[in-house]
Structures are given as structure tokens and as C-alpha cells.
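Chemist: What follows is a single structure, and I will ask about it in a moment.
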Amino acid sequence: MVKLTIDNRPVEAAAGTTILAAAAQVGIRIPTLCHLAAREPETSCYVCVVQIEGRRELSPACATRVTAGMVVETQTEDVRRARQTALELLLSDHAGDCVGPCTLGCPAHLEIADFIAALRGGDGRSAAGLVVRGLALPATLGHICPGFCEGACRRKALDEAVAIRELHRYVAETDLELTAPYDPPCAAATGRRAAVVGAGPAGLAAALHLRQLGHECTVFEAQKELGGALRTGLPEWRLPRKILDGEIERLRRLGVKFQTGEKLGENLSLDRLRAEYGAVLLALGTQKAGGPADPRAEHVAGSGAALDLALVKSLGLETGPRGVKVEREAMATNLPGVFAAGNLVSGAQYAVHAVAGGRRAAVAMDAHLRGQALGHRPHEVHSLLGHLKESEVARLRAFADPAQREAAEDLTAAQAAVEARRCLDCDCRKRDNCCLRKLGEEYGAAAARYRGERREFERDATHPEVIYEAGKCIQCGICLRLAEEVREPLGLTFIGRGFRVRVAGPFAAHLADALHEAARRAAESCPTGALALRRGARDGT
Amino acid sequence: MSRTVSTSPATIDLTAVERMVRAAGTGRDAVIPILQAIQAEYRYLPEAALRRVCELTEITPAQISGVATFYNQFRHAPVGEHIIRVCHGTACHVAGVPLVTDALRRHLGLKTEAEDTDREGRFTVEKVPCLGCCTLAPVLQIDDVTYGHLTPQSVPEVLEDFLRRTKATASLGNAVGFKGPELGEIRIGLGSCCQAQGSASVREAISATLAESGAAVVVKRVGCVGMCHQTPLVEVRPAGGEPQMFAKVKAADAREIVLSQFRPRGIVRRIGYEVRSFIESFTGEESGRERAASLAINAREDPVCAFLGPQQHVATEYGGQIDPTNLDEYLRHDGFKALERCLGEWDEEKIIAEMHTAGLRGRGGAGFPTGVKWATVRVAAGERKFAICNGDEGDPGAFMDRMILESFPYRVIEGLAIAARAVGAHEAVFYIREEYPLATERIAEAIAKCEERGILGPHILGHDFSLRVTLKKGAGAFVCGEETALVASVEGRRGMPRLRPPYPAELGLWGQPTLVNNVETYACVPWIIRHGGAAFAAMGTPTSRGTKVFALAGRVKRGGLIEVPMGVTLRRIVEEIGGGTKSGRPFKAVQVGGPSGGCIPASLADTPVDYEELARAGSIMGSGGLVVLDEGDCMVDIARYFLSFTQDQSCGKCTFCRIGTKRMLEILERLCAGQGRAADLAALENLADRVRRTSLCGLGRTAPNPVLSTLRHFRAEYEAHLAGRCPAKRCPALIRYRINDKCIGCTRCAQRCPVEAIAPRPYEQHEVDAAKCVRCGTCKAVCPVDAVEVETGHG
């Protein structure tokens, strides 16, 4: 047995044990990407580096065997920076989107690829769930949102953007027509109470989210009818009343209480609200001089829509250049327990911005209601495919559905099905469980730090269960080894050398020919989204 | 001319593949020799042939695809009738080969980077890392013919010359001896460099003249003398007379040299010769006799003395005196006496003790103590030990090992055999890069002759020790000079290194203890055994004992191969031995150690050649390449050049080398293109440090060295590039060609400009159109009045 020290802890390990295994023995976890348990090390990713006392170089823990008296440190500043750089270098040569450009472009970050995939699979219920939880007012927005998502849609490189807005409108309206429309599940009652002032898009979204988090919620609205600028600023042909009412009805079903005719500064006192409720959200919106603003037509601050500054000042709220001043993540005003969201904060913007703000405020209020600090937003890693080369566009075209965009706004079921197939499904299949992404987030890696030449986007969709995207491969060799172990007749191999090295089937074999028995295992073991199970194969359908 | 290669699988005759498999074997380790044979046959690797190999052997499709795409040598698409390999080694780069390549591609009409074959299918152009003929830089090879001293302007002539040539293959054996008393011996160097300069045709001319004159003179092919700057070299040794050396001999001169030294036999021939000379003396032109005399160099003259004087010959003992593959001659010159001693008198411990005393350190570059390595292999546990000779000399700008293998094959075999005896290995492998065909040929011949004579085989030299030596060729991968990658290559795998420890000394070829040493290291061994380790240790410095062979190239007047005691200063090498720079300008730096090394500035020229001293100055000893640089060389460009080499040669396994060096290279390319950003230098240094400390093998670990050393000693040049200036006026994006008022309007520049960037204006001052100009330098080269200036920076 060999005695050594890891992170100041004594460890005893059999001769020939690697530092990685010895550390695991005492519960010290060293990150890896290319390591395949119980096999010879590949020493490719170099994420598992550690500092061995007395050595100038950092050593890969997966392949360095313990020696007597070795002193190992696994989390020095230098080691952490080295791991961060390794991850950043890998991300710099990564051709793929973690999350599709549509979702990133949407101010509310709706999970677009997921809901469209559900629609494609005939699962209207799941699709409805996604758009309701994501947008609070998906049918409404389906009528009036300018569609930032479509502006970013990658399909545009081929022909026209996918009609995303029309699709979530279709999904939400179809759902509203059911006898039992989708209601998001609510957590167990917390016994805490929140007040929302203003029943516009920000307030409604916040209320929906607060209920899902288990808090009681009362919405106070100055007007007789609910909806704020959605009600007063839009004619029937722009937004049918029935739709707005239907989506507000959902809130009622969830237990949101509404009190109309209550105007802050007149018959509604902020002090009273603060006394009676654990948290208060001000979502007053902007007022056009002489009337409410059209949330669609004017989106540039100062173009006619304005804050009621007098009211704001009288409440003792601080203001910034655009509106009431809030701390960005916590959405908190200078008054403790008082939060603000929507146009009140940002000046006149689109309803979808208000919805996004409302949800952010609800999350912050939830922490406040529980007496907890709002956690730091964890570091996010977003790999971006970015601008496509000619050759990459050609590859997309090769597997894209050839249908043209549906011109209609009000889609039929058949039209929605066609449109849903036009989606290129840009989200990575391993969006939520990619090891590279997770480690990148753990080590604060900046995906765009080392910009330069990157490998090209490719997709091999020949295999019935597994999709291979070579652009996401980090050359770890795990799939090669798995294929070798079961003696695949063709298997996979490294082609080329150096920066241009690629994993592929021999003699340019497609994945369907290269992997049979090893395919599923390889997809599950791949540390990135390069080899991943198809959507259907994932949930076993 | 029609293309001679067929692309359709149906017409490929696959029975040839069966023949190749029978010759090479069916094991997985036969894959590289089989691929080489297939390529020799079909001139590329047709997929059908590879599939057939998988059917006939244990080689799998995954293995063959992986190996075939790893090594540079293998082509996957049909090629033109002739292959042009343009050398992109250090000396060639410094001598301007990128412009030569541009000119070549323009001449052949190759527009995009992907195109490498001209439309008629006559020529395919390949860039190769280093052909090892550095003193003739820039160099290219068309099939088997080497051309040196190229310029962008000479490219069309070279191609025409090649097409005109009748390929008279120079036979490489000696001329037939004459009956009767010999009048003397004519020695001519026939290493690769010498042949590139035309020594083969000189030899033919000499032989023809001798046949004609009937003089009883032996023409002897000898190994390298090292005076590459003087090739072709001819040494005339009349029996009982003074030896006389002639330099830069052309075939036309050969005749006169012979006749002036050795009188024709027979009265008729003699009279004929005298009459001819008599008549010539009247024509007023330099007579043949005078011309021959003018080529003579006196060994006592300063330049030769300065070049040869400070040298000590251990690895290159008897250089220029013996025929490389003549076994009897080697035996007459103390050949295999050391091996005999190691088998007869001494045991393994005594041999290794002598190596410890000698203090020999690995000459491949890392400088690991040889005695310690041998001792490690000797005590390692394993039933079947191996000794490998690493002849994968890949440093661009280094050709010492090539020279030693070509000129002294028996010596290397002897050193290898002694090592094998010391460590207990009965199997040895020569691993030689495929870019060295002559070296491979000579080693193969030497091995065969040794086997015939019982010097190798079941009972070497009659003793109870068996040693079988085989030869394996590399296939074009610099990384295979790293010992674990080399072992992988011998085993038929991609040349990917693995982490050390464990070292090959304990776990090497086929999992057995394996000794891997460099060519030059083995070449020193016989001398050490014969003269004793103490004699070797008496030369050099306390930590760097003995001698080292260097390849001196670049801007130096007298380039070539030298062997000097360790401890000699760089200044002495460059100025005394090398004669200073060709231009006469002071030298700026010496690049030592190839792509793993660093640039030592002239201010540190008194650094002695010593492992530790060179490391302190920011470089490494390396394998021995020394490239002299002057004011005309851009240090940022040099760093970029080396990094582009290591980036291209990276095996691709580990993150920091594969991607890190790429990002570093992109920064350097931006700097050289005048697109550097303020944060670039810090980013470059940061990445360099990371790559150095976090790479799997020596290639990655040392790749940042040229960058780090130039940042350390020439930071001002980097800063200048950030400001859009190239102080050395090299980087095309940062310079402009301008014609000044010395111009006489002769239109020569306009005529020769390959991109028509100068409009001809007879008798008027010409102007260069900066937008079209490709900075090839042709106008400057052809201007008779030196009216072309190169500018850099703004205004």
C-alpha cells in the first residue's frame, strides 16, 4: 500500500492506483471528461489536472499513479484556472448551440425547441404546459408579440423563420378550447401572502408564477377590467377579448384573487399593503399622456408613454433613467419588501419583456417571503454556433424539412404540424446533462474567450436511435473504446491529426453502419452532445 | 500529357495487394509497411486496396483508416505525374521559400489552397516539413531530383530543366577498379546534399574521363565532410603526392581536374591532351587547366581551417575518408573493435560504467544521461527486450542524423549493438523517417552485409549473443520522434504519445523494456568504448561532456555539419567556423533547438553550447539545428513559423496542445498581418505558459518555447507589429515595395512582375500598384540600379 496526501488528507492506496481513484476513495471528486471508468486513461481532456508538490507541470490525475509520500492538491487557484482554460479551449472549438437562438432571443426564454418537438410528437398537452409555464399568456402573446424568436431563428438561413409565434398561439388556443385546459401545478401552500399591484402582463405573469411557487396572491387593479394595457390599448381585432379572458381565467382557477377599482395613491395604500402582505410587486405600467400606451406600437422609451412620476415620487420610490430603479436580479426597489417589474421599471417595452420581468420578480419575492437571500444566479455557459459557413448551411439544408412557411396566422392542426416539422431543433439534445457544459458552469468558463477557427457543424442522422454531431466532439475517445470493446465490425476511429482530427466511421461509414450494439451506450457515455439519443429514444417512446 | 493514374476501383489490380501482404505480414503491426507499399504501387491509397488489406490481414478498418490519415506521407487522392515537394524547413523558410511556393503555385495555375495539382495533371505540389538539405535552402524535390538555391524567378527554369532531364540514375556503387598499379584515388562526397548540388553528375564525368584517359585511378564515394557550403567537393589523392581538394565542382570542370592531376595513359592520348591544352592557352580564355586550379582549396587556407579547425570528430570520425557501405574499409578503420570488446572482455556492468564515466547525454535533444537509461533497461523486468534507434529526425533545419546514417551506417549499427548487449536486448529496430530514402538504403545495405559477415545474427562476431536488427520507416509525423509515439508507430498504431511514467525503458515496445536512443548517441558509443569514457569526458563541460554534431544553416557564410566539443560558444560557431553572415551584416540571433528551442540573441552569443547554459538563456540544446538569423529576419515571423510547424504536427490528443497552440498561432498570424490587438501579447503569454505546463508530451510542452524566447529577447518587434510595423521588413502585410527616383525606366521589373503590378513605362519612373503587389521581391531582385525600396509602417 502507498501512503500519500491529497488536499491535506492522508490516503492509503494500492500501488498502481491513479490519483483520480485514490482521491475518490476519500470522497474527493476530481472533474473529468474523457475518463471512462475502469479503463485505461485517455489523457485527452486535461480537465483532471492536479498539482503535485515539487513538479512544475500540472499532472493529469486520471493517469498519474500514486507514489509514496506524494503530496497532491486538487483545488489550488492555478489548478482551477488551468481547468477553466481547458474548458474554454474546448468550448472555443465547439460547433453547436446549447440552447437554440430562438430561446436566447426570446426575452422570456421560452423553451421553444421543446414545445415544438412536443407538438411534432402529437403531445399537445406537454406543448401547452411548456408555453403556459414559459410565457404565462402564450395565446395573448401569440397575437401581439413582435417575435424576437423568429428574428433569431436559424431556419432563416435556409428560407424563412419558423412561425414560432403562430405555433405557440395555436397550442395555447387549442388548449383553451378544451373543457379542462392546462393548469400548471402549484407547490404546497406556504402560508405566505403576496400582493401584486397592476393586472397588466407583468403583474399577471408574476401572479401565475407566485401561485406555482405555493404562495397566496392577490392582484389589485385600478381599472374595472383586468389586463392593463392588454385590455385598454388593443382593439378586438388585434387581441380578441375571449383570448385574454381565457388566460386570466386560468389564474383564477389557480386561486389568484383579484380586486378591481383599487388605485394606488387613491383608495389603495402602499403602506397598508406592506403591512398586510409579505411582499408587494408594483407593476403599474406606463400611461400615455391622456391614455394607456399601446404595448405593441410604441416601444421606444419616451415616445409618448410615460411614468406617472408624481405618483412614483409620492410613494418614496427612487427612479433611474427609464423608470423605477430596481436591482436587476432581485427586482427590489429601495423600499424593503417592495418590488417592481414591467414598463414601470423599463419604460415602454413589449408585453413579452413585462412577462419576463414579472416572472423574475416572482422568483425574487419567493426568496424574500421565505426569508432567504436570493441566490447568486449560477454562471451560465452558452455555446453559440453563430454565423454559419456556406458548407454548414448546405448541411442543414440536407436534413431540413423542405416545406415552406405557412402564411396563415391562425393555424389549423394540419398547418401547425407542417410548420412544426420545419423547426431545425437547434437545442442540443444534451442541453441539461452535458458534462462539458456543467463543468464549464462550475468553473466559470467563458465560452467566447478564445475565439478563432472552429470545427464545422455536421449532423449524421442515419442511425435510428442516435444522432452524431461531429462539431461537438471533444476527441475524448470514449465512443471509440466502447465500440472496440464489443468488437463492432466497423466502429469509430480518429481520422486525421491535430486540430483537424475527427471521430468518424472508417471509410467514411455513416453512424448507422459504424455502430450497432455500442450505439446507445456511446450516446449515454458521450460527455457532450456529440453523440446523443434522439428525442424519441430518450423517453423510451 | 495524359494522367497515368486511374481512379475507378474497377480498374485497380488488387492482386498486387496480396503480394504486399505476403511480403509485410498479416499482423496489425504490418500496417505502415503495407500502406507504404500500396502507395508506391498506386501512387496514392485507393479505398478498394485498403479494404482488401482488411480482408487479408488482422488489420481492422478502424485501424487502417486511423493510421492512413495520421501520417503525412499518405495520399488519399490520385496525384499528378510528378510530385513536387517543397521544403518548409527553418533554413528554407528563412531563405524565403514561402515566396518560392507562391511563385510555383502561380506558375502552375493553382488558385485556391485546396488545389494542389495542375490542370494537365503533370505536377502535384506538396509542402514538406524538412528535406534535410538546409545549406542549399530554399530546396524542393521533384520526384527524386533535388534543386537548391531556388528563387521565385527561377521556378519556371527549374520545371523546364526537370522535364528536359533524362533520368540517368547514378549508380551508387564505386567505379570499377583498374588492373595494374593504382595512380591514386579520387574521393567524392555523395550524401543527399551533395547529390542535390550535382555531385552525382560530377562523379559520372570523372568516371567517364578516367575511362577515356585510361588512368588507373579509383573513384571512391565517401561520406559527408560537413563542408556543405563547398559542395560538390572532390578530393584528389595522387599516390605518393599531396591530397588536393576542389570545391563547388561542376561536371564540366571534372574532366579538367582529372586530366590535370592524372596524366592520360598511352602516348597517343597524352599527346592529344597536351596539344589541346597548348591551343587553349592561345585563346585567351581561361584554360581548362587554369579553371581547375581555381577550384582548388588549400586545407591550410583560412576558410577551410576556420571551418575544420575547432572540430573534434567522435560521431563523425573518419568523415570524408571512407566509403559508407564498404564493410572492409570500416573494419580497417577500427570498425567493430568496440563491439568485440563489449562481447569478449567486458560485461554489461563494465559497459554501462564506462558510459557513466563518459557522461554521454542523449543527443536527440532532451539530454537524458545515457548510462542511466541503459541501466534502467538492463534491470527492468521483461523476457524480451528491445533497442530502438530513433532516426526520426524531424526538426526542420536539422540534418545531422541523416548525415550520420548516410555516411557512417556501420558505426550506428555498432553503437546500437553495444547498447543491445549492455541492456540484454536481442532485437533492435531502426526507425528512420521516410523522407530519408538514401539513409534508409544505406542502413539496409549495411545491415545485410553485417548479417552476411556474422556481425549481426544468431552469434554476433562468433560470441554467444544474438541480435536481429530490422528497419522500419516512419511515414511522416514529427511527433513520432517522441519515444512513446515512436513505439506506437512501430506497433502499427497512430503515433499518439502516452503519459510518462511509465517510461519505455520499463514498458515500451509490445509492453517490454525498450531502449530508445538517438542516432548520434549511438554513433558516439564505439569511440567511447575504444578510447574510454574518461577521454570523452575530458572534452566539453562538467555537465555536458563530449562533443555534439550541429547543422549550421541560415544566413551564415559557411553552412554545413560540424562536430565540436561542448562548451564552444555560439559566437565561435557562427563567426569563426561559420565565417559570419553571408551579407556581412552582424548576426541578430541564433535559433537553437528547432521548434522546441529558442532564439538566442547576439547579445548572448558568448553562451557556451551546454545543456544547462542554453536552458538558462531561454532555449534548449535540441537535436543540433542551428539557424543563424540577421537583421533581415523577423522574430515574430520566426515564432509564427515554428508554431505553425508544431501546430501542424500536433497529434491532437490533448486539449492544450491541440487547441491551445492553434489559438496561439492565430494570435501570431494576426500580429504578422497587422491585425494584432492590444490584449494579444498578454493572451499569448498566458496561453504559452499553460500549454507549456499542461501538455501530454514534449511536443506540446516545448511548442511555446520559440514564442516565449522571442517575447523575452525581442519584445520590441512584437510591439512594433502591434503598431503596424515589421522592423525586419519581412511580413508581407506590413511592407510596401516602392520604386524611387533612381529608376531608369528600363521596364525590367514590369516585365518580370508575376502579377502585373507594375505598368511598363519606358524611360519613365515606374510605380508599384500596392493593391496588386504580392511582395515577392522579384522587382527588387532584377532592378539593375537598385531603385526598389521596401518600406514598413505608416508614412
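Keeping their order, the protein sequence lines are chains H and V.
Numbering (the working numbering) for the first sequence: -2 to 538.
Numbering (the working numbering) for the second sequence: 42 to 836.
Glycine included, every Cβ here is placed at the ideal spot set by N, Cα and C.
Everything numeric in this text was worked out from a predicted model, so none of it was measured.
Any idea if Cys346 of chain V is buried or exposed, counting beta-carbon neighbours within 10 angstroms, 16 or more meaning buried?
Modeler: Counting Cβ neighbours within 10 Å, Cys346 of chain V comes out exposed, since fewer than 16 surround it.
Chemist: Give the straight-line distance between the Cα atoms of Ile496 of chain V and Ala288 of chain V, rounded to the nearest whole angstrom.
Modeler: About 37 Å.
Chemist: Here's a check: name, in chain order, each residue in its chain whose Cβ is nearer than 8 Å to the Cβ of Ala11 of chain H, leaving out the five neighbours to either side.
Modeler: Excluding residues within five positions, the ones whose Cβ falls inside 8 Å are Met(-2) and Val(-1).
Chemist: Taking only three categories from DSSP, how would you classify Gly355 of chain H?
Modeler: Residue state, collapsed to three classes: helix.
Chemist: By the three-class DSSP mapping on this structure, what secondary structure does Ala652 of chain V have?
Modeler: Contrary to the premise, residue 652 of chain V reads as Tyr rather than Ala in this sequence. In this structure, Tyr652 of chain V counts as helix in the three-state DSSP scheme.
Chemist: Verify the CB distance criterion: does Gly320 of chain H have a CB-CB separation below 8 Å to chain V?
Modeler: So no, Gly320 of chain H is outside the interface.
Chemist: Under three-state DSSP, which class holds Arg190 of chain H?
Modeler: In the structure shown, Arg190 of chain H sits in a strand (DSSP, three-state: E or B).
Chemist: Under DSSP, the beta strand (DSSP E) around Gly230 of chain V begins and ends at which residues?
Modeler: Gly225 to Gly230 is the extent of the beta strand (DSSP E) around Gly230 of chain V.
Chemist: With DSSP run on the structure shown, which of helix, strand or coil describes Pro606 of chain V?
Modeler: Residue state, collapsed to three classes: strand.
Chemist: Going by DSSP in three states, Ala469 of chain V sits in which element: helix, strand or coil?
Modeler: Reduced to three states, the DSSP call for Ala469 of chain V is strand.
Chemist: Quick check on the burial criterion: 16 or more other C-beta atoms within 10 angstroms. Buried or exposed for Trp234 of chain H?
Modeler: By the neighbour-count rule (16 or more Cβ atoms within 10 Å), Trp234 of chain H is not buried but exposed.
Chemist: Under 8 Å between the Cβ atoms of Gly659 of chain V and Arg753 of chain V?
Modeler: Their beta carbons are under 8 Å apart, which means Gly659 of chain V touches Arg753 of chain V by this criterion.
Chemist: Could you check whether Ala379 of chain V and Val590 of chain V sit closer than 8 Å to each other, using their CB atoms as the reference points?
Modeler: No.
Chemist: Under 6 Å Cβ to Cβ from Cys784 of chain V, same chain only, skipping five residues before and after it: list those, please.
Modeler: Excluding positions up to five away in sequence, the list reads Gln806, His807 and Ala828.
Chemist: Please return the same chain residues whose Cβ sits closer than 8 Å to the Cβ of Leu436 of chain H, not counting the five positions on each side in sequence.
Modeler: Answer for Leu436 of chain H: Pro28, Leu30, Val44, Arg80, Leu84 and Ala442, listed in chain order.
Chemist: Hey, how far is the Cα of Asp4 of chain H from the Cα of Val63 of chain H?
Modeler: The alpha-carbon atoms of Asp4 of chain H and Val63 of chain H are separated by roughly 14 Å.
Chemist: Between which two residues does the alpha helix (DSSP H) carrying Asp398 of chain H extend?
Modeler: It is not in any alpha helix (DSSP H) - Asp398 of chain H carries neither H nor E in the DSSP assignment.
Chemist: Just to confirm, are Ala467 of chain H and Arg499 of chain H a CB contact at a threshold of 8 Å?
Modeler: A contact, by the Cβ cut-off of 8 Å.
Chemist: Among V:Gly533, V:Arg452, V:Asp647 and V:Arg541, which one has its Cα closest to the Cα of Thr562 of chain V?
Modeler: Closest option to Thr562 of chain V, Cα to Cα, is V:Arg452.
Chemist: What residues match up with Cys128 of chain V in a beta bridge as DSSP calls it?
Modeler: The partner list for Cys128 of chain V (beta bridge, DSSP) reads V:Val169.
Chemist: So, under 8 Å CB-CB, Ile661 of chain V and Thr582 of chain V are touching, yes? Tell me the CB distance rounded to an integer number of Å.
Modeler: The pair is not a contact, with the Cβ atoms about 16 Å apart (cut-off 8 Å).
Chemist: Can you give me, in chain order, the residues of the stretch 68 to 95 of chain V that have a beta carbon less than 8 Å from any beta carbon in chain H?
Modeler: Cβ contacts with chain H come from Glu88, Leu91 and Arg92.
Chemist: Determine the chain H residues that contact Leu837 of chain V at a beta-carbon separation under 8 Å, and present them in chain order.
Modeler: The first residue shown for chain V is 42 and the last is 836, placing residue 837 of chain V beyond what the model contains.
Chemist: Got a sec, what are the start and stop residues for the beta strand (DSSP E) Glu623 of chain H sits in?
Modeler: Outside the displayed span of chain H (-2 to 538) sits residue 623 of chain H, for which this structure offers no information.
Chemist: Grouping DSSP H, G and I as helix and E and B as strand, with all else coil, what is Glu331 of chain V?
Modeler: If DSSP states are grouped into helix, strand and coil, Glu331 of chain V belongs with the helices.
Chemist: Alpha carbon to alpha carbon, what distance is there between Pro486 of chain H and Pro503 of chain H?
Modeler: If you take the alpha carbons of Pro503 of chain H and Pro486 of chain H, they lie about 10 Å apart.
Chemist: Between the alpha carbons of Ile641 of chain V and Thr584 of chain V, how many angstroms are there, rounded?
Modeler: Answer to the nearest angstrom: the Cα atoms are 20 Å apart.
Chemist: Excluding the 5 residues preceding and the 5 following Gly834 of chain V in the sequence, name in chain order all residues of the same chain whose CB lies nearer than 7 Å to its CB.
Modeler: Contacts found: Gly765 and Arg766.
Chemist: Closest to Gly701 of chain V by C-alpha separation, out of V:Gly634, V:Asn727, V:Leu712 and V:Ile454, would be which residue?
Modeler: With distances taken between Cα atoms, Gly701 of chain V lies closest to V:Asn727.
Chemist: Could you have a look at His296 of chain H and say whether DSSP puts it in helix, strand or coil?
Modeler: Model confidence at His296 of chain H stands at a pLDDT of 45, short of 50, so the residue's coordinates are unreliable; what they give is reported in the following sentence. Coil at His296 of chain H, not helix or strand.
Chemist: What did DSSP end up calling Tyr682 of chain V once you bin it into helix, strand or coil?
Modeler: Here Tyr682 of chain V sits in helix by DSSP.
Chemist: Does the CB of Pro503 of chain H have a neighbour CB from chain A at under 8 Å?
Modeler: No chain A is part of this structure, whose protein chains are labelled H and V.
Chemist: Since Glu707 of chain V meets chain H, which of its residues come closer than 8 Å, beta carbon to beta carbon?
Modeler: What Glu707 of chain V touches in chain H: Gly449 and Glu450.
Chemist: What residue range does the alpha helix (DSSP H) around Val342 of chain H cover?
Modeler: First-last of the alpha helix (DSSP H) with Val342 of chain H: Asn340 to Ser343.
Chemist: Using the beta-carbon count (16 or more within 10 Å), is Phe454 of chain H buried or exposed?
Modeler: Per the 10 Å Cβ criterion, buried.
Chemist: Using the rule of at least 16 other Cβ atoms within 10 Å of the residue's Cβ for burial, across every protein chain shown, is Phe396 of chain H buried or exposed?
Modeler: It is exposed - the Cβ of Phe396 of chain H has fewer than 16 other Cβ atoms within 10 Å.
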